[in-house]
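J.:
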Amino acid sequence: MRNFSASKKLFQRALHLIPGGVNSPVRAFRAVGGNPLFIERAKGSKIYDVDGNSYIDYVLSWGPMILGHAHPAVVKALKNAVMKGTSYGAPTALEIELAELVLKVYPSMDKVRMVNSGTEATMSAIRAARGFTGRDKIIKFEGCYHGHADGLLVKAGSGAATFGLPDSPGVPKSYARNTLTLPYNDITALKSMIEKEWRSIACVIIEPVVGNIGCVLPKQGFLETLRKLTKKHGIVLIFDEVMTGFRVSFGGAQAYYGIKPDMTCLGKVIGGGLPVGAYGGKKEIMSMISPEGPVYQAGTLSGNPLAMTAGIETIRELSKQGIYSQLEKKSEMLEKGLIDAAKRAGATTRFYRAGSMFCTYFTATDVVDYKTAKTADAEKFSRFFSQMLDKGVNLAPSQFEAGFISLAHSEKDIDLTVKAAFEALKNI
Ligand code: KE4
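Here the sequence shown is numbered in the working numbering, starting from -12 and rising by one per residue.
If you want it as structure tokens, here you go:
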């Protein structure tokens, strides 16, 4: 059994100072029990906690660290950048460079605005869509998470076709009423909702692959139908690619599935581990954004030179020849290994993957939406999680989160992970 005493002590201190002892809820291990690990450092595919334990890391800061932790090119570029100061509150050439890199890889966007988080990106994209269409309502899908802006913390009202209800105290009912929620992958419900409500719907926002209830793939025709219906009715289609961008493929889910959204939100990978979000889209929509247009959005640290530097270096590395086939090879090896380990251990699981994001569900049901994802046995997952942690494998601390693979994960890492999974699956 590993020693976690230093993490425990830090957690006790943190609990007196920070709500729940963490700066983002999912880090608190509430879904899996026990105390969160406090991390000392990370390098490549490994993270090291304050007790000196090392782990093969499949959280990767919830997606950003696709190159692996502390990539030499990123570290070197940041060391140079920080000598020139950390923030100017004025435009820099770095912002142009990252914008050019992003727009080249995401041709559905004519213009892009840098912000500091995925939440800011989605919140701002929705405001732009409302400003552009003059309509108020939005459609989101159950289980999709787009950050914590008020109007997005909404669950389906009773009967999916009614207006949303607040999913968190502090969100006024009046905000939630403008958010319509539908089951993911349900084309019939989508069609009837849009045919009925289109005149008041500004946008549909969707995770094209849902990474916030594990990893749920779009059914054949779902995204295509969504694109057709939104185009027909002048509804702005927003792909929230904060997680899938540069992850499902270099060009994200939109390239992978061949769908051109009107707007895209990015985050995580484009900051290379520093706080960056971005939203962009067709020029007629983006020209609504201040100071070019009347829709206001701003940010003290937006386009911060350090964050831009980390993002530029990360995307430069990802642009190199053969990178995504390397990622695909590693991801395939892990997928095959985990599926085979479950079979050999006699465990009932469902495994889903899109590019280098994945999830193992403890269920016998095919997972296609929030409802079917919730058939997974979270208890069983938490026992699996704790055993894997003890064997030196750091998984996302919830059955309903995605895991990620980096370019730094070696065959040896993946072999060790599969062996640990077989042992853990035998005993749960
Ligand atoms: P941030 O505001 O956390 O940068 O991004 C919000 C967001 C928006 N859209 C998608 C598709 C996302 O996955 C996220 C954030 N993802 C979670 C992981 N499930 C971040 C982890 C956390 O909340 O600590």
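Glycine residues also receive a C-beta, built at the ideal position from the N, C-alpha and C atoms.
Quick one: does the C-beta of residue 132 sit closer than 7 Å to a heavy atom of ligand 1?
T.: In the sequence shown, residue 132 corresponds to position 145, counting from 1. Yes, the Cβ of residue 132 comes within 7 Å of a heavy atom of ligand 1.
J.: Looking at the unbroken beta strand (DSSP E) that takes in residue 102, where does it start and where does it end?
T.: Against the sequence shown, residue 102 aligns to sequence position 115. Here the beta strand (DSSP E) through residue 102 covers 98 to 102.
J.: Starting from residue 447, trace the alpha helix (DSSP H) both ways and give me its first and last residue.
T.: Nothing can be reported for residue 447, as the shown portion of the chain is limited to -12 through 415.
J.: Pick helix, strand or coil for residue 78, following the three-state DSSP scheme.
T.: The residue labelled residue 78 in the question sits at position 91 within the sequence shown. It is coil, neither helix nor strand.
J.: Considering only the alpha carbon of each residue, which of 167, 410, 404 and 183 lies closest to residue 45?
T.: If you number the sequence shown from 1, residue 45 lands on position 58. Comparing Cα-Cα distances from residue 45 to each of 167, 410, 404 and 183, the minimum goes to 404.
J.: Candidates 381, 354, 222 and 264: which alpha carbon is nearest residue 173's?
T.: Here residue 173 refers to the residue found at position 186 of the sequence shown. For the residues 381, 354, 222 and 264, the minimum Cα distance to residue 173 belongs to 354.
J.: Measure the Cβ-Cβ separation of residue 124 and residue 184 and say whether it is below 8 Å.
T.: Locating residue 124 in the sequence shown gives position 137, counting from the first residue. Locating residue 184 in the sequence shown gives position 197, counting from the first residue. Yes; because the gap between Cβ atoms is below 8 Å, this pair is in contact.
J.: Going residue by residue through the stretch 137 to 202, where are the continuous beta strand (DSSP E) segments of at least 3 residues, counting only ones entirely within it?
T.: As far as the stretch 137 to 202 is concerned, its whole beta strand (DSSP E) runs of at least 3 residues are 166 to 169 and 188 to 193.
J.: For ligand 1, I want to know if residue 203 counts as a neighbour, meaning its beta carbon is within less than 7 Å of at least one of the ligand's heavy atoms.
T.: Stepping through the sequence shown from its first residue, residue 203 is reached at position 216. Not so, every heavy atom of ligand 1 lies at least 7 Å from the Cβ.
J.: Starting from residue 348, follow its DSSP beta bridges and name the residues at the other end.
T.: Working through the sequence shown from its first residue, we reach residue 348 at position 361. 337.
J.: Please check if any C-beta of chain C sits within less than 8 Å of the C-beta of residue 50.
T.: The question asks about chain C, but that chain is absent: this structure has only one protein chain.
J.: Where residue 146 and residue 154 are concerned, what is the direct C-alpha to C-alpha distance, given to the nearest angstrom?
T.: Here residue 146 refers to the residue found at position 159 when the sequence shown is read from its first residue. Here residue 154 refers to the residue found at position 167 when the sequence shown is read from its first residue. Legend: pLDDT at residue 146 = 48, less than 50; position of this residue unreliable, no value from coordinates given.
J.: Measure the Cβ-Cβ separation of residue 128 and residue 171 and say whether it is below 8 Å.
T.: Reading the sequence shown from its first residue, position 141 is the one you call residue 128. Reading the sequence shown from its first residue, position 184 is the one you call residue 171. Going by C-beta atoms, residue 128 is nearer than 8 Å to residue 171.
J.: Please determine whether the Cβ atom of residue 13 lies at a distance below 7 Å from any heavy atom of ligand 1.
T.: In the sequence shown, the residue the question calls residue 13 occupies position 26. Yes, ligand 1 has a heavy atom inside 7 Å of this Cβ.
J.: Once DSSP output is grouped into helix, strand and coil, what is the label at residue 275?
T.: Sequence index remark: in the sequence shown, residue 275 carries index 288 (1-based). Coil at residue 275, not helix or strand.
J.: Indicate the three-state DSSP secondary structure (helix, strand or coil) for residue 320 in the structure shown.
T.: Locating residue 320 in the sequence shown gives position 333, where the first residue counts as 1. Helix.
J.: Mapping the DSSP letters down to three states, classify residue 119 as helix, strand or coil.
T.: As a working mapping, residue 119 is identified with position 132 in the sequence shown. In this structure, residue 119 counts as helix in the three-state DSSP scheme.
J.: Leaving out the 5 sequence neighbours to the left and right, which residues in its chain are closer than 8 Å to residue 272 when beta-carbon positions are compared?
T.: To locate residue 272, count along the sequence shown from 1; it is residue 285. Hits under 8 Å: 115, 116, 119, 223, 249 and 250.
J.: Cβ-heavy atom distance between residue 264 and ligand 1 below 7 Å?
T.: The sequence position of residue 264 within the sequence shown is 277, counting from 1. Within the cutoff, so yes.
J.: Please report the distance separating the alpha-carbon of residue 72 from that of residue 292.
T.: Position 85 of the sequence shown holds residue 72. Position 305 of the sequence shown holds residue 292. The alpha-carbon atoms of residue 72 and residue 292 are separated by roughly 8 Å.
J.: What residue from 307, 374 and 385 has the CA that sits closest to residue 411's CA?
T.: Here residue 411 corresponds to residue number 424 of the sequence shown, with the count starting at 1. If we check each option's Cα against that of residue 411, 374 comes out closest.
J.: What is the DSSP secondary structure of residue 357, reduced to helix, strand or coil?
T.: To locate residue 357, count along the sequence shown from 1; it is residue 370. In this structure, residue 357 counts as helix in the three-state DSSP scheme.
J.: Assign residue 149 to buried or exposed, taking buried as 16 or more other Cβ atoms, counted over all protein chains shown, within 10 Å of its Cβ.
T.: Taking the sequence shown and counting its residues from 1, one reaches residue 149 at position 162. Residue placement at residue 149 is poorly supported in this model, since its pLDDT is 49, which falls under 50; the coordinates still yield a value, given next. Counting Cβ neighbours within 10 Å, residue 149 comes out exposed, since fewer than 16 surround it.
J.: Provide the residue span of the beta strand (DSSP E) that contains residue 41, from first to last.
T.: Position 54 of the sequence shown, counted from the first residue, corresponds to residue 41. Here the beta strand (DSSP E) through residue 41 covers 41 to 44.
J.: Within its chain, find whatever has a CB closer than 7 Å to the CB of residue 276; leave out the 5 residues flanking it on each side and keep chain order.
T.: Along the sequence shown, read from residue 1 onward, the residue named residue 276 stands at position 289. Result list for residue 276: 100, 115, 282 and 284, in chain order.
J.: Here's a check: name, in chain order, each residue in its chain whose Cβ is nearer than 7 Å to the Cβ of residue 258, leaving out the five neighbours to either side.
T.: The residue given as residue 258 occupies position 271 in the sequence shown. The residues are 51, 294, 297 and 298.
J.: Any idea which residues DSSP pairs residue 235 with across the strands?
T.: Taking the sequence shown and counting its residues from 1, the one referred to as residue 235 is at position 248. Residue 235 pairs with nothing; no bridge assigned.
J.: Which residues share a DSSP beta bridge with residue 370?
T.: Residue 370 sits at position 383 when you count from the first residue of the sequence shown. In DSSP, residue 370 forms no bridge with anything.
J.: Excluding sequence positions up to five away, which residues of its chain have a Cβ less than 7 Å from the Cβ of residue 401?
T.: In the sequence shown, residue 401 corresponds to position 414, counting from 1. Excluding positions up to five away in sequence, the list reads 317, 320, 321 and 324.
J.: Let's see if you can read the secondary structure: which residues bound the alpha helix (DSSP H) around residue 250?
T.: Counted from its first residue, the sequence shown places residue 250 at position 263. Unbroken run through residue 250 is the beta strand (DSSP E), 250 to 253; no alpha helix (DSSP H).
J.: Our contact map puts residue 252 next to residue 108 with C-beta atoms below 8 Å; I'd like the distance itself, whole angstroms only.
T.: Residue mapping note: residue 252 aligns to position 265 of the sequence shown, counting from 1. Residue mapping note: residue 108 aligns to position 121 of the sequence shown, counting from 1. Confirmed, about 4 Å.
J.: How many whole angstroms separate the CB atoms of residue 415 and residue 371, which I take to be in contact at a CB cut-off of 8 Å?
T.: Sequence index remark: in the sequence shown, residue 415 carries index 428 (1-based). Sequence index remark: in the sequence shown, residue 371 carries index 384 (1-based). About 5 Å separates the two Cβ atoms, so the contact holds.
J.: What residue from 399, 335, 369 and -2 has the CA that sits closest to residue 388's CA?
T.: Stepping through the sequence shown from its first residue, residue 388 is reached at position 401. Comparing Cα positions, the closest option is 369.
J.: Just to confirm the assignment, what range does the alpha helix (DSSP H) spanning residue 29 have?
T.: Here residue 29 corresponds to residue number 42 of the sequence shown, with the count starting at 1. Unbroken run through residue 29 is the beta strand (DSSP E), 26 to 30; no alpha helix (DSSP H).
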